[in-house]
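**Student:** The structure under discussion is supplied below as structure tokens; questions concerning it will follow.
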Amino acid sequence: MLGKKRRRKLSSVPEAVTATKRMNLCAAVNDALRITLKKDDSSIVFGEDVAFGGVFRCTSELREQFGRNRVFNTPLSEQGIVGFAIGYAAMNCTAVAEIQFADYIYPAFDQIVNEAAKYRYRSGGMFNVGGLTIRAPCGAVGHGGHYHSQSPEAYFCHTPGLKVVMPRDPIRAKGLLLSSIRDPNPVIFFEPKILYRSVVAEVPVEDYTIPLETAEVVRPGKDVTLIGWGAQVNVLMETAQLAEAKGVSCEVIDLVSLLPWDAETVVESVKRTGKAIVSHEAPITNGFGAEVAATIQEHCFYNLEAPVRRICGFDTPFPLVHEKYYLPNKWRCVEAVFDLVAA
Amino acid sequence: MPTETRKEVYKTMVRTSVMDDIFYLAQRQGRISFYMTCSGEEASVVASAAALNQSDEVFAQYREQGLFLWRGFGLDEVANQCCSTTKDPGKGRQMPVHYGSKELHVHTISSPLGTQLPHAVGAAYHMKLKEEKRIAACYFGEGASSEGDFHAALNFASTLQCPVLFLCRNNGYAISTPTEEQYHGDGVLSRGQGYGIDALRVDGNDAIAVYAAVSDARSKCLSTQSPVLLELVTYRSGHHSTSDDSTRYRDPDELQSVGHQLSAIDRFRAYLYDRKLWTDQEDREFRDHVRAECLHALEAAERERKPPVTGMMSDVYETVPKHLHEQQYAALHQMGVDDL
Ligand SMILES: Cc1ncc(C[n+]2csc(CCOP(=O)(O)OP(=O)(O)O)c2C)c(N)n1
Ligand SMILES: [Mg+2]
Numbered sequence: 001m002l003g004k005k006r007r008r009k010l011s012s013v014p015e016a017v018t019a020t021k022r023m024n025l026c027a028a029v030n031d032a033l034r035i036t037l038k039k040d041d042s043s044i045v046f047g048e049d050v051a052f053g054g055v056f057r058c059t060s061e062l063r064e065q066f067g068r069n070r071v072f073n074t075p076l077s078e079q080g081i082v083g084f085a086i087g088y089a090a091m092n093c094t095a096v097a098e099i100q101f102a103d104y105i106y107p108a109f110d111q112i113v114n115e116a117a118k119y120r121y122r123s124g125g126m127f128n129v130g131g132l133t134i135r136a137p138c139g140a141v142g143h144g145g146h147y148h149s150q151s152p153e154a155y156f157c158h159t160p161g162l163k164v165v166m167p168r169d170p171i172r173a174k175g176l177l178l179s180s181i182r183d184p185n186p187v188i189f190f191e192p193k194i195l196y197r198s199v200v201a202e203v204p205v206e207d208y209t210i211p212l213e214t215a216e217v218v219r220p221g222k223d224v225t226l227i228g229w230g231a232q233v234n235v236l237m238e239t240a241q242l243a244e245a246k247g248v249s250c251e252v253i254d255l256v257s258l259l260p261w262d263a264e265t266v267v268e269s270v271k272r273t274g275k276a277i278v279s280h281e282a283p284i285t286n287g288f289g290a291e292v293a294a295t296i297q298e299h300c301f302y303n304l305e306a307p308v309r310r311i312c313g314f315d316t317p318f319p320l321v322h323e324k325y326y327l328p329n330k331w332r333c334v335e336a337v338f339d340l341v342a343a
Numbered sequence: 001m002p003t004e005t006r007k008e009v010y011k012t013m014v015r016t017s018v019m020d021d022i023f024y025l026a027q028r029q030g031r032i033s034f035y036m037t038c039s040g041e042e043a044s045v046v047a048s049a050a051a052l053n054q055s056d057e058v059f060a061q062y063r064e065q066g067l068f069l070w071r072g073f074g075l076d077e078v079a080n081q082c083c084s085t086t087k088d089p090g091k092g093r094q095m096p097v098h099y100g101s102k103e104l105h106v107h108t109i110s111s112p113l114g115t116q117l118p119h120a121v122g123a124a125y126h127m128k129l130k131e132e133k134r135i136a137a138c139y140f141g142e143g144a145s146s147e148g149d150f151h152a153a154l155n156f157a158s159t160l161q162c163p164v165l166f167l168c169r170n171n172g173y174a175i176s177t178p179t180e181e182q183y184h185g186d187g188v189l190s191r192g193q194g195y196g197i198d199a200l201r202v203d204g205n206d207a208i209a210v211y212a213a214v215s216d217a218r219s220k221c222l223s224t225q226s227p228v229l230l231e232l233v234t235y236r237s238g239h240h241s242t243s244d245d246s247t248r249y250r251d252p253d254e255l256q257s258v259g260h261q262l263s264a265i266d267r268f269r270a271y272l273y274d275r276k277l278w279t280d281q282e283d284r285e286f287r288d289h290v291r292a293e294c295l296h297a298l299e300a301a302e303r304e305r306k307p308p309v310t311g312m313m314s315d316v317y318e319t320v321p322k323h324l325h326e327q328q329y330a331a332l333h334q335m336g337v338d339d340l
């Protein structure tokens, strides 16, 4: 399958959009949850402080509209939240659980990795928790330090049975969250919290989904392929602009889904450009970029004109005062672009 | 409580409160990035700290700044931590209020909730084996008591008979979540009984009661080499943190009636006034003095340098491994510091 030539459309958002509304990412998430609660009687939305609207306001006014049985606070226990969600989903129902910060998902690690991910497999397909979606805000915010900034996607991408998704803007957030909720597998939906309020877009008001497992070419180019996901895609778009000013054309790919991920789109691109950079906030060692780089090497070896580069966070806990030196910002990325074209 | 201690406890409560006001405002002015006040809980934290021995090993949550002050943590140290300066012993790595002091036997605060509870039990086990005449004291919120780590900690402490004192600050809320949605049954207290641990509920806004209960509990931990759980019933009269707006979920009437009626500082001051241990004038002068000291500390910290970028790579391991050395080079290069 890999390497087969095919053109991808640049955007997967419904084309015949009727009405749109200006929304930030937080409002887009809220809208997707509202649609879910309206259309799916079995759906429930819960977690720490969810009832009053959540610490990031993503669940605001849902309780007023759908009642306390369907939108509620849980006691403060992430393993409890996910374990409970698994049981509810195992009854063929829709559970949308919120983990307040991705940094606090680890108490639920066992429930996610050993239970949610293997519920179907271990029962020979008799049982499943396809109705489970775990939402968690992730990533840098400027002043979060090591317990309010982590991007733990790689831990979960090492777990067969899970799907892992991360949107880059409000339009994708709504469509991808709806897809995640309706996907018949447990999905972890990481929301880059820096985008909650900083990015606003005209979001279709209708109910729409965006396919999981499909990467998106956000910007076409011919010299270097830049690969990222979540908020980092925006950094790569800025990188591409900087590079363009110097006459270098970058293709930017948003992976959208990390597990399973769309290697085909990446491979097709790198075969054309011969150069690739993958970039994420999480520490470089064993980050998901390693998987992407290895796959590129395997499938594009004879097309590569330079080594695949990873521009990522350093192998330290996420810093506080030194956040700006830690982050793989556009300067670090564009320097790598110029290194590659000079090679 | 000895007379001199009464005055000292009261003064540290006031000191905590004045400091909180100033740092809270400093956050509002954008001078620091984040802050959490201990408003309403001064008696629970300070009077309990006073009843412990200075060498008791403390594992706290994040709202126990009063204990740090009681043990001698300076306002300059507070300011340097909150401003992430070179003078922060934590090297500017953590968000404000995540203090720690090896010298004062207070382990560095960690944001993930409940994690410190089993740590305290492990530390207490060490004290038991070494027959040290001290205990581990562990503070946590009633919200944190829902975490799995809380249950593991109580069970371990009980089965391994560890001299650990669990101090639950039950302040009515975990961010927006009221206790009615946190637990049913007889509070956090009843959990102790379930695990075979002696437990007592105390009026956490009564400094004298807190002091008496903690003194007794501490003696019991030591003499029987076993855990005790205290539930200090108090009230969070401030917002959860500077990221929170409690008017979204808390009735202002509740704050007025419950919060102010129960004010630990007002109650203790009235007690001291009655007994002629403290006067209005002393109170005013003391507050002015602390305010000046705080502002001075804050201004000094603001002038202080930030830790060097090489600090990002140290302490990840005991020595900096080769790959981090290389990454450090990349970070410095990015800063334009090419000359190593
Ligand atoms: C494991 C974990 N989950 C969630 C959070 C986010 N969080 C920070 S404080 C808090 C509420 C804690 O309430 P409580 O234990 O009662 O302490 P209080 O703030 O009332 O002092 C929450 C949910 C966290 N820090 N760690
Ligand atoms: Mg509380």
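The listed protein sequences derive, respectively, from chains A and B.
By UniProt numbering, the letter at position 271 of the first sequence is numbered 271, and the numbering carries on one by one without gaps.
By UniProt numbering, the letter at position 74 of the second sequence is numbered 74, and the numbering carries on one by one without gaps.
Think of the CB as a built atom: it goes at the ideal place given N, C-alpha and C, for glycine as much as any other residue.
Is residue 188(B) close to chain A, meaning its C-beta is less than 8 Å from at least one C-beta of that chain?
**Tutor:** No, residue 188(B) does not count as interfacial toward chain A.
**Student:** Cβ of residue 244(A) versus every heavy atom of ligand 2: is any distance shorter than 7 Å?
**Tutor:** Residue 244(A): no, Cβ never under 7 Å from ligand 2.
**Student:** Interface residues of chain A around residue 113(B) at Cβ under 7 Å?
**Tutor:** Chain A residues near residue 113(B): 76.
**Student:** Can you list, in chain order, the residues of its chain with a C-beta nearer than 8 Å to that of residue 141(B)? Leave out the 5 residues immediately preceding and following it.
**Tutor:** Same-chain partners within the cutoff: 61, 63, 113, 168, 169, 170, 171, 174.
**Student:** Taking Cβ positions only, does residue 95(B) come closer than 8 Å to chain A?
**Tutor:** At least one chain A Cβ lies under 8 Å of residue 95(B).
**Student:** Excluding five sequence neighbours on each side, which residues of the same chain lie with their C-beta closer than 7 Å to the C-beta of residue 108(A)?
**Tutor:** Excluding residues within five positions, the ones whose Cβ falls inside 7 Å are 78, 79, 81, 82, 99.
**Student:** Report all residues for which the CB-ligand distance to some heavy atom of ligand 2 is below 7 Å; order them along the chain.
**Tutor:** That gives 141(B), 142(B), 143(B), 169(B), 170(B), 171(B), 172(B), 173(B), 174(B), 236(B).
**Student:** On the CB-based measure, 16 or more other CB atoms within 10 Å of its CB, does residue 86(B) come out buried or exposed?
**Tutor:** Exposed, by the Cβ-count rule.
**Student:** Would a C-beta distance cut-off of 8 Å place residue 170(A) and residue 28(A) closer than the cut-off?
**Tutor:** Result yes, Cβ atoms of residue 170(A) and residue 28(A) sit closer than 8 Å.
**Student:** Which full runs of the alpha helix (DSSP H) of 4+ residues lie inside the stretch 156-207 of chain A, going along the chain?
**Tutor:** DSSP runs (the alpha helix (DSSP H)) wholly in the stretch 156-207 of chain A: 170-182, 195-198.
**Student:** Could you spell out where the alpha helix (DSSP H) holding residue 180(B) opens and where it closes?
**Tutor:** That run of the alpha helix (DSSP H) goes 179-182.
**Student:** How many angstroms separate the CA atom of residue 182(A) from the CA atom of residue 131(A)?
**Tutor:** Rounded to the nearest angstrom, the two C-alpha atoms are 7 Å apart.
**Student:** Label residue 129(B) either buried or exposed according to how many other C-beta atoms from any shown protein chain fall within 10 Å of its C-beta, with 16 as the threshold for buried.
**Tutor:** With fewer than 16 other Cβ atoms within 10 Å, it is exposed.
**Student:** Can you give me the C-alpha to C-alpha distance between residue 323(A) and residue 126(A), rounded to a whole angstrom?
**Tutor:** Roughly 47 Å separates the two Cα atoms.
**Student:** Should residue 101(A) be listed as close to ligand 1, given that the test is whether its C-beta is under 7 Å from any heavy atom?
**Tutor:** Correct: residue 101(A) has its Cβ closer than 7 Å to ligand 1.
**Student:** What residues in the stretch 159-191 of chain B bring their beta carbon closer than 9 Å to a beta carbon of chain A?
**Tutor:** So the close ones are 174, 175, 176, 177, 178, 181, 182, 183.
**Student:** Shorter than 7 Å, the distance from the beta carbon of residue 65(B) to the closest heavy atom of ligand 1, or not?
**Tutor:** The answer is no for residue 65(B).
**Student:** Is there a Cβ of chain B sitting closer than 8 Å to that of residue 137(A), yes or no?
**Tutor:** Chain B, which has no Cβ nearer than 8 Å to the Cβ of residue 137(A), makes this no.
**Student:** From the beta carbon of residue 73(A), is the nearest beta carbon of chain B less than 8 Å away?
**Tutor:** Chain B contact via Cβ: present.
**Student:** Give the range of the alpha helix (DSSP H) segment to which residue 269(A) is assigned.
**Tutor:** It spans 263-273 - the alpha helix (DSSP H) in which residue 269(A) sits, taken as one unbroken run.
**Student:** Can you tell me whether residue 111(B) sits near ligand 1, meaning its C-beta is under 7 Å from at least one heavy atom of the ligand?
**Tutor:** Yes.
**Student:** Helix, strand or coil: which one does DSSP assign to residue 53(B)?
**Tutor:** The answer is coil: DSSP assigns residue 53(B) none of H, G, I, E or B.
**Student:** Interface residues of chain A around residue 324(B) at Cβ under 9 Å?
**Tutor:** 314, 315, 316, listed in chain order.
**Student:** Is it true that the CB of residue 263(B) sits closer than 8 Å to the CB of residue 40(B)?
**Tutor:** Their beta carbons are under 8 Å apart, which means residue 40(B) touches residue 263(B) by this criterion.
**Student:** Leaving out five residues on either side along the sequence, give the residues of the same chain with a beta carbon under 7 Å from the beta carbon of residue 337(A).
**Tutor:** Around residue 337(A): 224, 239, 243, 248, 250, 277.
**Student:** Mapping DSSP to helix, strand and coil, what is residue 36(B)?
**Tutor:** Note: residue 36(B) maps to coil in three-state DSSP.
**Student:** Taking its Cβ as the centre, do 16 or more other Cβ atoms sit within 10 Å of residue 305(A), making it buried, or is it exposed?
**Tutor:** It is exposed - the Cβ of residue 305(A) has fewer than 16 other Cβ atoms within 10 Å.
**Student:** Identify the contact partners of residue 241(A) in chain B, using a Cβ-Cβ distance below 9 Å as the criterion.
**Tutor:** Going along chain B, no residue has its Cβ under 9 Å from residue 241(A), so there is no contact; the nearest lies around 19 Å.
**Student:** Here's a check: name, in chain order, each residue in its chain whose Cβ is nearer than 6 Å to the Cβ of residue 238(B), leaving out the five neighbours to either side.
**Tutor:** Result list for residue 238(B): 37, 39, in chain order.
**Student:** Determine whether the Cβ of residue 48(A) lies closer than 8 Å to any Cβ atom of chain B.
**Tutor:** Closer than 8 Å to some Cβ of chain B, the Cβ of residue 48(A) qualifies, so yes.
**Student:** Return the CA-CA distance between residue 311(A) and residue 280(A), expressed in angstroms with no decimal places.
**Tutor:** Whole-angstrom Cα-Cα distance: 7 Å.
**Student:** Return the chain-ordered ranges of every alpha helix (DSSP H) run that is complete within the stretch 111-191 of chain B and spans a minimum of 4 residues.
**Tutor:** List check, alpha helix (DSSP H) in window: 116-129, 148-159, 179-182.
**Student:** List the whole-angstrom C-beta distance separating residue 197(B) from residue 158(B), where the pair is believed to meet the contact cut-off of C-beta under 8 Å.
**Tutor:** Contact holds; Cβ gap of about 5 Å.
**Student:** Taking Cβ-Cβ distances below 7 Å as the criterion, which residues of the stretch 120-152 of chain B are in contact with chain A?
**Tutor:** Those would be 143, 144, 146, 147, 148, in chain order.
**Student:** Whose C-beta lies closer than 6 Å to the C-beta of residue 156(B) among residues of the same chain, with five residues either side of it excluded?
**Tutor:** Result list for residue 156(B): 121, in chain order.
**Student:** May I ask which residues mark the beginning and end of the alpha helix (DSSP H) holding residue 21(A)?
**Tutor:** Run containing residue 21(A): none in the alpha helix (DSSP H); it sits in the beta strand (DSSP E), 20-24.
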